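Worksheet: one structure, shown below.
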Amino acid sequence: MARIVLGITGGIAAYKATAIIRLLTEQGHSVKVIPTQNALRFIGATTLEALSHNSVDPDLYTDVESVKHIALAQEAELVIVAPASASFLARTASGIADDLLSNTILATKAPVLIAPAMHTEMFLNEATQANIKTLESRGLAILEPAIGRLTGEDSGIGRLPEPEQIVEAALALLEPKDFLGKHVVVTAGGTQEPIDPVRFLANRSSGMQGVALAKAASARGARVTLIGANIAELPGVSFVSVSTALELQSALDAVLSDCDYLIMTAAVSDFRVKHVSDVKVKRSVVGQNTTLELIANPDILQMAVSKINDLGLAVKTVGFAAETASDVSQLRQLAAHKLMGKGCDLLVANDVSAGRVFGASDNSVLILTKTGIERSISGTKTEVASAVLDILGEI
Ligand SMILES: Cc1cc2nc3c(=O)[nH]c(=O)nc-3n(C[C@H](O)[C@H](O)[C@H](O)COP(=O)(O)O)c2cc1C
């Protein structure tokens with residue numbers, strides 16, 4: 001767990017820093033907060049102290065025996081400034097050190113993430129843009145503000161991104177960059193096969209494990225393409241939205257020859273409806289009994305593996321298998337069978353009986369590789385994602 005310094009400056013979004021502190025402390029990180037004097041006009045030190053469980057004193061000239069700014073700079077493993085005001089960006093770009101936060105930033109060797117938030121005009125102002133470029137050129141990470149509702153009635157770019165996104169972007173700075181230069185393609189979500197314009201066949205996959213893998217690969221330096229079946233777009237990665245199994249297959253075909261790792265977490269329907277109705281199927285028309293004729297969808301993972309082999313591509317493939325097993329040894333058996341059958345390099349199997357896994361934030365998986373590695377991992381989907389990438393890096 002990391003020692004984190006959180007700087008807060010005087011912007012309307014300063015109150016959102018409370019959610020950032022909460023997310024970080026809940027994950028076990030230690031957080032020391034340095035508000036600017038103007039930040040304290042927007043949010044009270046008492047709140048920041050209570051949430052961070054650390055004292056908050058932004059005065060550079062108190063506790064001078066410990067040389068506070070140097071101590072904070074040296075002990076920090078990560079520095080976040082959120083929200084960062086236009087004035088803060090200008091001062092930092094010029095190297096001005098006239099308060100505890102700016103001195104700490106000048107003195108630290110830790111990675112720094114800055115999340116600017118201000119009105120659109122202030123953000124797009126040439127001075128602000130030039131300051132951002134200067135800071136980026138010096139290796140500080142700038143998180144692009146979101147587009148949305150601002151202080152008043154107006155909306156545009158300049159809104160502070162959601163606390164979850166700030167925390168993820170910041171913690172990503174601490175990850176090893178062992179996937180730098182690699183293109184990782186992840187499929188996630190669950191396909192939907194239409195029956196008529198209103199109804200479809202679907203499954204319970206939430207896409208959370210795939211999204212966790214896409215985020216983890218991106219944090220470790222990879223260029224990521226996420227092919228998402230009926231899930232929300234993920235900022236920071238190239239996102240291809242699909243709905244049916246056939247759409248997923250063609251999206252995959254388009255990227256396969258330019259890919260180093262293929263991670264297939266999407267729950268793809270085994271079948272689709274043979275005759276999709278153009279109009280809503282009505283009971284008054286079909287009567288009390290009706291039959292849907294289904295035809296098999298292609299086995300997308302197996303076909304991708306065959307194509308990779310036929311074309312001699314250097315793509316490592318990962319399959320996911322949601323099984324309903326009676327115990328671990330049956331799960332192992334099913335997983336080994338699937339690993340062989342699909343021909344992928346690594347298989348992640350989980351037991352989904354009794355409603356486990358789908359939509360939950362935790363996962364418990366068995367990982368098998370073609371090279372004979374076997375590992376059981378239980379934890380959050382983020383932890384499982386990180387373990388899968390560790391093993392992929394080994395094989
Ligand atoms: C109500 C109000 C809201 C403000 N919101 C922002 C803001 O969102 N972003 C910003 O850059 N400045 C904002 N400002 C201006 C800053 O507070 C001002 O530039 C200040 O000098 C920043 O101080 P600091 O960077 O030392 O914290 C706001 C000012 C007021 C009065």
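Going left to right, the sequence shown walks through residues 1 to 395 as the UniProt record's numbering numbers them.
Here a beta-carbon is modelled for each residue, glycine too, at the ideal position from N, C-alpha and C.
As the structure is a prediction and not an experimental result, all values here were calculated from the model.
Reduced DSSP secondary structure (H/G/I, E/B, other) of residue i
i           : result
Ile373      : coil
Asp196      : coil
Tyr15       : helix
Asn131      : helix
Phe42       : coil
Ser241      : strand
Val186      : strand
Lys282      : coil
Ile308      : helix
residue 398 : Outside the displayed range of the chain (1 to 395) lies residue 398, so it cannot be described from this structure.
Pro163      : helix
Ala148      : Note on residue identity: the sequence assigns Gly, not Ala, to residue 148. If DSSP states are grouped into helix, strand and coil, Gly148 belongs with the strands.
Thr225      : strand
Phe123      : helix
Check whether residue i and residue j have beta carbons under 8 Å apart
i      : j      : result
Ser55  : Thr25  : no
Lys338 : Ala325 : no
Ala254 : Asn297 : no
Ala115 : Pro161 : yes
Ile231 : Val211 : yes
Leu292 : Val273 : yes
Thr108 : Val79  : yes
Ser250 : Leu313 : no
Ile166 : Ile20  : yes
Glu323 : Ala304 : no
Gln27  : Asp99  : no
Ile157 : Thr187 : no
Ser205 : Gly190 : yes
Residue i classed as buried or exposed, judged by whether at least 16 other C-beta atoms fall within 10 angstroms
i      : result
Tyr261 : buried
Gln192 : buried
Pro145 : buried
Met118 : buried
Asn103 : buried
Glu153 : exposed
Asn309 : exposed
Gln129 : exposed
Val198 : exposed
Met208 : buried
Ile377 : buried
Arg283 : exposed
Ala127 : exposed
Asp345 : buried
Glu374 : exposed
Alpha-carbon to alpha-carbon, residue j and residue i
i      : j      : result
Phe88  : Thr9   : 7 Å
Ala216 : Asn125 : 34 Å
Asn363 : Val384 : 7 Å
Lys342 : Ser269 : 16 Å
His275 : Leu234 : 33 Å
Ala86  : Val281 : 57 Å
Ile4   : Glu75  : 8 Å
Tyr61  : Leu150 : 35 Å
Met264 : Val184 : 11 Å
Leu48  : Leu135 : 27 Å
Pro176 : Glu247 : 34 Å
Gly221 : Ala110 : 18 Å
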